[in-house]
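Report on one structure; see the data block that follows.
There are 2 protein chains.
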Amino acid sequence: MPVPQRRQAPTQADVARVAGVSQGAVSAVIGGRAGQQRITAETARRVLDAVQELGYVANASARSLKGKRNRLLGVHTFESVFPISRMDFYHEFLIGIEEEAVAEGYDLVLFTSTEETNGQRQVYRGGSNRLNIADGSVLLGIASDNSDLARLAAEGYPFVHVGRRDVPGADIAWVGADYGTTTAELVGHLAALGHRNIGYVGDAERYEASGDRESGYRAGCGAAGVTPSVLFTRPEGLTTEWFDGVIGSGVTALMMENEDAAMRVAGFAHSRGLAIPQDLSIVVLIKTFSGPTPDRPWSTLGIPRNDMGRSAVRLLIEMIDAPDSPPDRHILLSCTAPENSTIAAAPTSR
Amino acid sequence: MPVPQRRQAPTQADVARVAGVSQGAVSAVIGGRAGQQRITAETARRVLDAVQELGYVANASARSLKGKRNRLLGVHTFESVFPISRMDFYHEFLIGIEEEAVAEGYDLVLFTSTEETNGQRQVYRGGSNRLNIADGSVLLGIASDNSDLARLAAEGYPFVHVGRRDVPGADIAWVGADYGTTTAELVGHLAALGHRNIGYVGDAERYEASGDRESGYRAGCGAAGVTPSVLFTRPEGLTTEWFDGVIGSGVTALMMENEDAAMRVAGFAHSRGLAIPQDLSIVVLIKTFSGPTPDRPWSTLGIPRNDMGRSAVRLLIEMIDAPDSPPDRHILLSCTAPENSTIAAAPTSR
DNA sequence: CCCTCCTGCTATTTCGTAATAGCACCGCGT
DNA sequence: ACGCGGTGCTATTACGAAATAGCAGGAGGG
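Residue numbers (our numbering), protein chains in the order written: chain A, 1 to 350; chain B, 1001 to 1350.
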């Protein structure tokens, strides 16, 4: 099969020349818009023959130039997209985003050019906004400055944030995980297992999502008739004295926002001869542990990452297609309840 | 503060209107071609102010239609980019590609719009070629068909294939792993461990890379004074009878292209009471096993995936920057030699 | 005082495709 | 014979950016 040795791809004009018709006729035949424009079967055949002969394919740039869209969706992460350490965290989102982009026939632009020397990425760099090259963007990651988002929103650029994000004065579209509900249910589950004294250890840094988890915890405690007990700290802030105090106060279950903190607590428990989960149940609310995978996986809330990625893309495309009648721009997806690996019935006595 | 509600991205014409100049002047200022076109500092300032005010960014489609650069590099895979099953295989390439793109200040376009309903992706799809939107592309994976590549090359589109790829009549740029040399060295290593009878089990499907491995094996045999013995088959083709025959003929080491086949052989060895590697050394030349990670990792050639990704991007950018004086368009990177996990000295007797 | 040269911009064309306006031609009715 | 409507095309324009041609206006020289 001889490959046409053209230096440049054939255009509709080339096809038209071969078929002996005008460029417009070629466009009509290829576009299949027989409704608006009348083409005889004979002409269509000649055009299609010429297409075949020259190996014509449409120039996507010209096509999208006419359509005023690029059919490009941006993916902006505030950290690198494929860093090994963060792989578990972002990878599944990206899979969902890609799957939905495939289904919708969009290409994805990974904004990698926006990285500063410190590894941080920001939307506005040198005053210009590269995101505009895409019809809209999905934003991922936590380390962002709210002002970038506010500005993007103010400019009317279509974007969806993965993870709940409340920016005062701006109505940001987002797809989040419903940590609150699942956390509340989890408290109920622990109460049903006999736990009457359930502690909550939160991160010192508060985000929208961490607030959700905390209020879910409080709601769950209210429903189960358990007194809430909340501590905010960094993992380093957790000391042996604190742990002894917690155990002494009769706590039999801990809900922890931070996996590193949970690892510390596991160490304390071990040194005090307490078994997890027989003596102390532990739930990790979000997996952030940067070290190796522990032998026994934590009981942890399942984040519907794939679904969140897919939903974000779907919502984004809706926003692009119908900028004036926006659909519900805030989507909360249910988390899956944790396995019972580090959850057990409350100890009868200690 | 009035919010510039931009329903549609501003164009150079919009900028020109605000700055009180013509569209051509805006283009000249932005393009920085002060050499050919004279613009006063005052006019340039007004234009740049308007750019800032409107948040203007050039339309990628229009630029590429005109044959200009977008600082976009395409990534085309012939399968989905993030499928779980293939994750190990592609992920590391993508990391390298991303790292280098970050370093060079390019953004990446993942061509996901080219997927057929059967999951296969092709360059020329739906009668159009999307790749044009990027300045050049990195192609990954096993292409079903060489004709796409030949055609792209004939059209003068800059692209680099990851993995060696020889297409008759087209000079395709590629970055490959030097399987041949490492395989040859490996035969020498086995010979030094006392193996005089080293079998080679190849895949029935032959690619450029598999040919490299086989010829490396033959070269290594020649250098070590060992008689080569090659079998091409699918894993299902390996039977107990075949295995018994191989062992009976005195083979003490097997080099296998396919990890699934190696798993089969391990099963046979187990049923015959032969220990790996004490009684039989096995080297897997390329990890393709689709099942769970085995307990003991195979001795296997290390593919420099990250480096291949980075090198492909570097080569691609060179090709884009200097299309007429191409650098060496074929790069072979060394594989790392295997660990001795399933390699041992030849048994003294059996 | 007029002609030339230079400066700094504007006007126009180009890229490939798609949509719209418009134009020849045919057949039919009167 | 003349008009009228329908058919099947062609001609033109627009999309956004960039390159090129060209044009006003001022400076300078003769």
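Built from N, CA and C at the ideal position, the CB exists for glycine as well.
Given that a residue counts as buried once 16 or more other Cβ atoms are within 10 Å of its Cβ, and exposed if not, what is residue i?
i                 : result
His1270 (chain B) : exposed
Thr355 (chain A)  : Given that chain A is displayed from residue 1 to residue 350, the structure contains no residue 355 (chain A) and the question cannot be resolved.
Pro1010 (chain B) : buried
Asp1135 (chain B) : buried
Arg1125 (chain B) : buried
Gly1119 (chain B) : exposed
Ser22 (chain A)   : exposed
Ser137 (chain A)  : buried
Gln12 (chain A)   : buried
Ser147 (chain A)  : exposed
Ala41 (chain A)   : exposed
Pro297 (chain A)  : exposed
Ala1322 (chain B) : exposed
Arg206 (chain A)  : exposed
Arg1350 (chain B) : Here Arg1350 (chain B) scores only 49 on pLDDT, less than 50, and its place in the model should not be relied on; the value that follows carries that caveat. Exposed, since its Cβ has fewer than 16 Cβ neighbours within 10 Å.
Glu1116 (chain B) : exposed
Is any heavy atom in the ligand ADP found nearer than 7 Å to the beta carbon of residue i?
i                 : result
Val1018 (chain B) : In terms of ligand content, the structure shown is empty, and the ligand ADP therefore cannot be addressed.
Taking residue i and residue j to be in contact with their CB atoms under 8 Å, please state how far apart those CB atoms are, rounded to whole angstroms.
i                 : j                 : result
Ala60 (chain A)   : Ser1128 (chain B) : 5 Å
Met263 (chain A)  : Ile282 (chain A)  : Rounded, the Cβ-Cβ distance is 10 Å, inconsistent with contact.
Val1167 (chain B) : Leu1149 (chain B) : 5 Å
Glu98 (chain A)   : Ser1080 (chain B) : 7 Å
Leu285 (chain A)  : Leu301 (chain A)  : 5 Å
Leu1072 (chain B) : Ile1133 (chain B) : 7 Å
Alpha carbon to alpha carbon, what distance is there between residue j and residue i?
i                 : j                 : result
Ser1311 (chain B) : Asp212 (chain A)  : 45 Å
Ala358 (chain A)  : Leu1139 (chain B) : Nothing about residue 358 (chain A) can be reported from this structure: the residues present for chain A run from 1 to 350 only.
Gly1199 (chain B) : Val1162 (chain B) : 29 Å
Glu100 (chain A)  : Ala173 (chain A)  : 18 Å
Gln5 (chain A)    : Glu1155 (chain B) : Caution applies to Gln5 (chain A), whose pLDDT of 40 falls short of 50 and renders its modelled position unreliable; the model cannot decide the point.
Glu1339 (chain B) : Thr342 (chain A)  : 37 Å
Asp1354 (chain B) : Tyr1090 (chain B) : The first residue shown for chain B is 1001 and the last is 1350, placing residue 1354 (chain B) beyond what the model contains.
Thr1227 (chain B) : Asn1197 (chain B) : 7 Å
Ser27 (chain A)   : Arg38 (chain A)   : 12 Å
Val1047 (chain B) : Ile1030 (chain B) : 8 Å
Leu1054 (chain B) : Pro327 (chain A)  : 27 Å
Met1251 (chain B) : Ala1191 (chain B) : First, the amino acid is wrong: residue 1251 (chain B) is Val here, not Met. Approximately 12 Å, taken between the alpha carbons.
Ser1229 (chain B) : Arg1121 (chain B) : 37 Å
Asn306 (chain A)  : Leu333 (chain A)  : 11 Å
Gly105 (chain A)  : Gln278 (chain A)  : 51 Å
Arg1272 (chain B) : Asp1295 (chain B) : 20 Å
Leu1274 (chain B) : Gly1245 (chain B) : 14 Å
Val51 (chain A)   : Asp1145 (chain B) : 20 Å
Lys68 (chain A)   : Met319 (chain A)  : 15 Å
Arg1314 (chain B) : Ala1253 (chain B) : 39 Å
Gln36 (chain A)   : Ala1153 (chain B) : 37 Å
Thr1348 (chain B) : Glu1241 (chain B) : 24 Å
Val187 (chain A)  : Arg165 (chain A)  : 25 Å
Asp14 (chain A)   : Asn1070 (chain B) : 27 Å
Arg130 (chain A)  : Arg151 (chain A)  : 14 Å
Could you tell me whether the Cβ atoms of residue i and residue j are closer together than 8 Å?
i                 : j                 : result
Phe268 (chain A)  : Phe243 (chain A)  : yes
Gly248 (chain A)  : Ser215 (chain A)  : no
Gly194 (chain A)  : Ala345 (chain A)  : yes
Met1308 (chain B) : Gly1096 (chain B) : yes
Val1160 (chain B) : Leu1316 (chain B) : yes
Cys351 (chain A)  : Asp107 (chain A)  : In this structure chain A extends from 1 to 350, so residue 351 (chain A) is not present and cannot be described.
Val1123 (chain B) : Thr1112 (chain B) : no
Ala1209 (chain B) : Pro1235 (chain B) : no
Leu110 (chain A)  : Val57 (chain A)   : no
Glu1185 (chain B) : Ala1337 (chain B) : yes
Phe1078 (chain B) : Gly1141 (chain B) : yes
Asn183 (chain A)  : Tyr217 (chain A)  : As written in the sequence, residue 183 (chain A) is Thr, which differs from the Asn given in the question. Yes.
Ala62 (chain A)   : Leu1065 (chain B) : yes
Q: Any chance you could list the beta strand (DSSP E) runs of at least 3 consecutive residues sitting entirely within the region 131-157 of chain A, in chain order?
A: Within the region 131-157 of chain A, the complete beta strand (DSSP E) runs of at least 3 residues are 136-140.
Q. At which residue ranges does the region 9-56 of chain A contain complete alpha helix (DSSP H) runs of 4 or more residues, listed in the order of the chain?
A. Counting whole runs of 4 or more residues, the region 9-56 of chain A contains the alpha helix (DSSP H) stretches 12-19, 23-31 and 41-54.
Q: Scan the region 1287-1322 of chain B and note each continuous beta strand (DSSP E) run of 3 residues or more that stays entirely inside, going in chain order.
A: As for any beta strand (DSSP E) of minimum length 3 sitting wholly inside the region 1287-1322 of chain B, there is none.
Q: Would you mind listing the beta strand (DSSP E) stretches within the region 1060-1085 of chain B that are 3+ residues and don't spill past its ends, in chain order?
A: Qualifying beta strand (DSSP E) stretches, in chain order: 1072-1077.
Q) Which runs of the beta strand (DSSP E) fall wholly inside the region 153-232 of chain A and span at least 3 residues, in chain order? A) Taking only runs of at least 3 residues, the beta strand (DSSP E) segments lying wholly in the region 153-232 of chain A are 159-162, 173-178 and 198-203.
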